[in-house]
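Asker: Protein chains in written order, with this note's numbering: chain A, 628 to 921; chain B, 180 to 487.
Each residue gets a CB set at the ideal place from its N, CA and C atoms; glycine is no exception.
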Amino acid sequence: MPPETTTSEIYDIGYRGYDGPRLGRAYATWSLFTSSLRAAFGLGRPTRAKIAPWGLGAVAIVPAAVSLAISASVGPDFSPFSYDDFLWQMQAIFGLFVAAQAPELVGGDQRHRVLALYFSHALERVDYAIAKLGAMVAALLIVMGAPMLLLWVGRILGSPDLAGALGDELGALPQVIGAPLLHALGVGAVALAIAAFTPRRAYATGVIIALFIVGQGVAEAVARGTRGPLRDYGPLINPFVWLDGTRDWLLGRSVPDSPVASSGLALSTYGLITAIVVSLAIGLVVWRYRRITA
Amino acid sequence: MPLIATQSLTKRFGSAVTALDGLTLAVEPGIIGLVGANGAGKSTLIKILLGLLEPTEGSATVLDLDVRRDGSRIRSLVGYMPEHDCLPPDLSATEFVTHMARMSGLPRAAARERTADVLRHVGLYEERYRPISGYSTGMKQRVKLAQALVHDPRLLLLDEPTNGLDPAGRDEMLELVRRTGHEFGIATVVASHLLGEIERVCTFLLAVDAGRLLRAAPLASFTERTGTLIVEVEEGSDRLAGRLADAGAAAEVDGRTVLVDLPDERPYDLVRDVVAELGLALIRIEQRRGRLEDLFRDDAPTESTDAA
Numbered sequence: 628m629p630p631e632t633t634t635s636e637i638y639d640i641g642y643r644g645y646d647g648p649r650l651g652r653a654y655a656t657w658s659l660f661t662s663s664l665r666a667a668f669g670l671g672r673p674t675r676a677k678i679a680p681w682g683l684g685a686v687a688i689v690p691a692a693v694s695l696a697i698s699a700s701v702g703p704d705f706s707p708f709s710y711d712d713f714l715w716q717m718q719a720i721f722g723l724f725v726a727a728q729a730p731e732l733v734g735g736d737q738r739h740r741v742l743a744l745y746f747s748h749a750l751e752r753v754d755y756a757i758a759k760l761g762a763m764v765a766a767l768l769i770v771m772g773a774p775m776l777l778l779w780v781g782r783i784l785g786s787p788d789l790a791g792a793l794g795d796e797l798g799a800l801p802q803v804i805g806a807p808l809l810h811a812l813g814v815g816a817v818a819l820a821i822a823a824f825t826p827r828r829a830y831a832t833g834v835i836i837a838l839f840i841v842g843q844g845v846a847e848a849v850a851r852g853t854r855g856p857l858r859d860y861g862p863l864i865n866p867f868v869w870l871d872g873t874r875d876w877l878l879g880r881s882v883p884d885s886p887v888a889s890s891g892l893a894l895s896t897y898g899l900i901t902a903i904v905v906s907l908a909i910g911l912v913v914w915r916y917r918r919i920t921a
Numbered sequence: 180m181p182l183i184a185t186q187s188l189t190k191r192f193g194s195a196v197t198a199l200d201g202l203t204l205a206v207e208p209g210i211i212g213l214v215g216a217n218g219a220g221k222s223t224l225i226k227i228l229l230g231l232l233e234p235t236e237g238s239a240t241v242l243d244l245d246v247r248r249d250g251s252r253i254r255s256l257v258g259y260m261p262e263h264d265c266l267p268p269d270l271s272a273t274e275f276v277t278h279m280a281r282m283s284g285l286p287r288a289a290a291r292e293r294t295a296d297v298l299r300h301v302g303l304y305e306e307r308y309r310p311i312s313g314y315s316t317g318m319k320q321r322v323k324l325a326q327a328l329v330h331d332p333r334l335l336l337l338d339e340p341t342n343g344l345d346p347a348g349r350d351e352m353l354e355l356v357r358r359t360g361h362e363f364g365i366a367t368v369v370a371s372h373l374l375g376e377i378e379r380v381c382t383f384l385l386a387v388d389a390g391r392l393l394r395a396a397p398l399a400s401f402t403e404r405t406g407t408l409i410v411e412v413e414e415g416s417d418r419l420a421g422r423l424a425d426a427g428a429a430a431e432v433d434g435r436t437v438l439v440d441l442p443d444e445r446p447y448d449l450v451r452d453v454v455a456e457l458g459l460a461l462i463r464i465e466q467r468r469g470r471l472e473d474l475f476r477d478d479a480p481t482e483s484t485d486a487a
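This is how it looks when you write it as structure tokens:
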């Protein structure tokens, strides 16, 4: 083809300025929240970044689905999980989820020194902290809330009397939504407070696993094997204990396996502990990002 | 309105380290070279201008905004390219630069469009969709420049933009910086410890040493022609100097070269005649220029530092 007939040509159109809107801090914070939430599930990232969140998410939702299948075939009274004890029974999964994903959300920006870029934009340091905390809590809310919601919808649809079941299950809605919200806030804030303090992924993951997984074993052993104040206060090392106590206090109905059942502490004490620990964790994350050298 | 102004700006880290020591300066828009040895306080000054570091004493304004009070506003108008690595390896250049554009408040569609524009400007094409972890140092430096440019800033702060690049990469990066400053008209501060690079792109020079301002002046005044003629011959520089002195010119031998005072045009003819008469092999004859290096010598010759 002779060159004269070439139909396309690349033009250098030169540098163009930008006169459009600049949406400021709130928008930047929201953008960081949404992109971090995507990162928590490995979206837009290589496949290996998806393995942990999707694998653990599947492990959390499969029992709910199996539970539905069992109650659908055997009858509603044989459900292995209730709304009340689902989060307690599955706590190891959620512990592993934050151990894998909290360092993913905040470690890389410190390790690769991306923070210097964030803090040289319209975004303030506190905005970064809030966006990352929000993303961690939202990611947990999805992983904790989706199986609960599946249980709820399944029970209604599985019932022969749809309208009647809807009426019955409506009363459980605060538990189905409130419990995951409370647990996501507590677990997410504590895990992020740990992860924010080190650029090293392995350290953060190790400490979070120690707290949630080892803490679970310690809490149960202490609750069974000791008496008096140690039996009451010792299990509090596991965040799921004070969260379960608070859930019990706010939404009612105790979990028989939980150390809360055998403890002498008033339920309101768990509520107080949750309020203090969550505020402390959020404060620590904000403090960390105020102080960190970018 | 000065682009950047500082008044007795001081930054101390603990009690032992003083990074900036009463720095006072004012510069107008252009491509400004910020030159000094490693540890002279260049990066500290840039970080204070961005509001990333609090000054210990003194004040500073950028685009007429106070760095202590209006940090957020300044940051929305400024693009910053740090000296160190600052890119997440998992993301592609397109994703990362778009993300940073949104951090500057650009709506999603505008962020995408600007990202495509600036990545083309810095010369990243097909590779922009691949994860950054596979990029060469040169490509990473381009991404760093692109993220600083994506929100169309009024001021660019570039900290050692040629860090880690090979000679060809340096040339390309300097050309990009020059285009950004001249053709796009964005005021630019380039920090570097390499005088040769600064010399090639800048119009104005700030020289800092040990946290103090050594000199601030248009680049031309640093490298003006001086009143000295350099004559280099293969051998016989002693004889040449002797004959020139006999003829009334102030000449001084410096190895193979002879330095001749140049009060007017006459020594040119004299040198030509004497060289011809002695039959010397002339290598070079040129008027000496002030050298930037002289700035950082303790015994800086007066003819170069005072030439203004």
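Under three-state DSSP, which class holds ARG740/A?
Answerer: Coil, per DSSP.
Asker: I need the boundaries of the beta strand (DSSP E) containing TYR259/B, first residue and last residue.
Answerer: Its beta strand (DSSP E) spans residues 257 to 260.
Asker: Would DSSP call ILE919/A helix, strand or coil?
Answerer: Of the three classes helix, strand and coil, the one that applies to ILE919/A here is coil, per DSSP.
Asker: Would you list, in chain order, the members of the region 255 to 286 of chain B that have their beta-carbon closer than 8 Å to a beta-carbon of chain A?
Answerer: From the region 255 to 286 of chain B, only SER255, VAL257, TYR259, PRO261, HIS263, ASP264, CYS265, LEU266, PRO267, PRO268, ASP269, LEU270, GLU274, HIS278, MET279, ARG281, MET282, SER283, GLY284, LEU285 and PRO286 have a Cβ closer than 8 Å to chain A.
Asker: Can a CB atom of chain B be found closer than 8 Å to the CB of TYR645/A?
Answerer: Chain B, which has a Cβ nearer than 8 Å to the Cβ of TYR645/A, makes this yes.
Asker: At a Cβ threshold of 8 Å, is PRO648/A touching chain B?
Answerer: With 8 Å as the cut-off, PRO648/A counts as an interface residue toward chain B.
Asker: The beta strand (DSSP E) spanning ALA216/B covers which residue range?
Answerer: Per DSSP, ALA216/B belongs to no beta strand (DSSP E) and is neither H nor E.
Asker: Since GLY390/B and THR203/B are thought to touch, with beta carbons under 8 Å apart, how far apart are those beta carbons, to the nearest angstrom?
Answerer: Their Cβ separation, rounded to whole angstroms, is 12 Å, which puts GLY390/B and THR203/B out of contact at 8 Å.
Asker: Below 8 Å, can you find three or more Cβ-Cβ pairs linking the region 846 to 864 of chain A to the region 781 to 796 of chain A?
Answerer: No, because fewer than three Cβ pairs between the region 846 to 864 of chain A and the region 781 to 796 of chain A fall closer than 8 Å, the two stretches do not touch.
Asker: Could you have a look at ASP296/B and say whether DSSP puts it in helix, strand or coil?
Answerer: ASP296/B: helix per DSSP, three-state reduction.
Asker: Looking only at DSSP bridge pairs, what is GLN802/A linked to?
Answerer: DSSP, once it has assigned bridges, lists no residue as partnering GLN802/A.
Asker: Would you please state the rounded distance, in angstroms, between the beta carbons of ALA370/B and PRO208/B? I believe it to be under 8 Å.
Answerer: Actually they do not touch by this definition, with Cβ atoms about 17 Å apart.
Asker: If you drop the 5 nearest sequence neighbours on each side, which residues of the same chain put their C-beta closer than 6 Å to that of LEU911/A?
Answerer: Taken in chain order, the residues that qualify are ALA820.
Asker: So, is the C-beta of ALA239/B closer than 8 Å to a C-beta in chain A?
Answerer: Closer than 8 Å: no.
Asker: So, with DSSP's three-state summary, where would you put ALA395/B?
Answerer: Strand at ALA395/B.
Asker: Spell out the partners DSSP gives LEU229/B in its beta bridges.
Answerer: Answer is none; LEU229/B lacks a bridge partner.
Asker: Am I right that CYS381/B and LEU744/A are in contact with their C-beta atoms under 8 Å? What's the rounded C-beta distance?
Answerer: In fact, because the Cβ distance is near 24 Å, the residues do not count as touching under 8 Å.
Asker: Please look up how many angstroms separate the CB atoms of ARG307/B and SER271/B, rounded, as I've assumed it's under 8 Å.
Answerer: Correct: roughly 6 Å between the Cβ atoms.
Asker: Using 8 Å as the limit for Cβ to Cβ distance, is HIS330/B near chain A?
Answerer: Taking Cβ atoms only, chain A reaches closer than 8 Å to HIS330/B, which makes this a yes.
Asker: What residue from PHE363/B, ARG309/B and PHE275/B has the CA that sits closest to TYR645/A's CA?
Answerer: When each option's Cα is compared against that of TYR645/A, the closest is PHE363/B.
Asker: Could you tell me which chain B residues have their CB closer than 7 Å to the CB of PHE746/A, listed as they occur along the chain?
Answerer: LEU231, listed in chain order.
Asker: State the Cα-Cα distance for the pair LEU392/B and ALA766/A, rounded to the nearest angstrom.
Answerer: Taking the straight line from one Cα to the other gives about 51 Å.
Asker: Quick one, which of GLN320/B, PHE192/B, ARG435/B and ILE210/B has its alpha-carbon nearest GLU378/B's?
Answerer: Looking at the Cα atoms, ILE210/B is the closest of the given residues.
Asker: Spell out whether any CB of chain B is found under 8 Å from the CB atom of GLN741/A.
Answerer: The displayed chain sequence assigns Val, not Gln, to residue 741/A. Yes, VAL741/A lies at the interface with chain B (some Cβ there is under 8 Å from its Cβ).
Asker: How many Å lie between TYR916/A and ASP712/A at the Cα?
Answerer: Going by the C-alpha atoms only, they are around 36 Å apart.
Asker: Go to SER315/B, then tell me how far its beta strand (DSSP E) extends in each direction, as first and last residue.
Answerer: Neither: SER315/B is in no beta strand (DSSP E) and is coded neither H nor E.
Asker: Run down chain B in chain order and give the residues with a C-beta less than 7 Å from the C-beta of GLY798/A.
Answerer: Those within 7 Å of GLY798/A in chain B number zero; the least Cβ separation is about 41 Å.
Asker: Using a Cβ-Cβ cut-off of 8 Å (strictly less than) and excluding sequence neighbours within five positions of ALA719/A, which residues of its own chain qualify?
Answerer: The residues are PHE839, ILE840 and GLN843.
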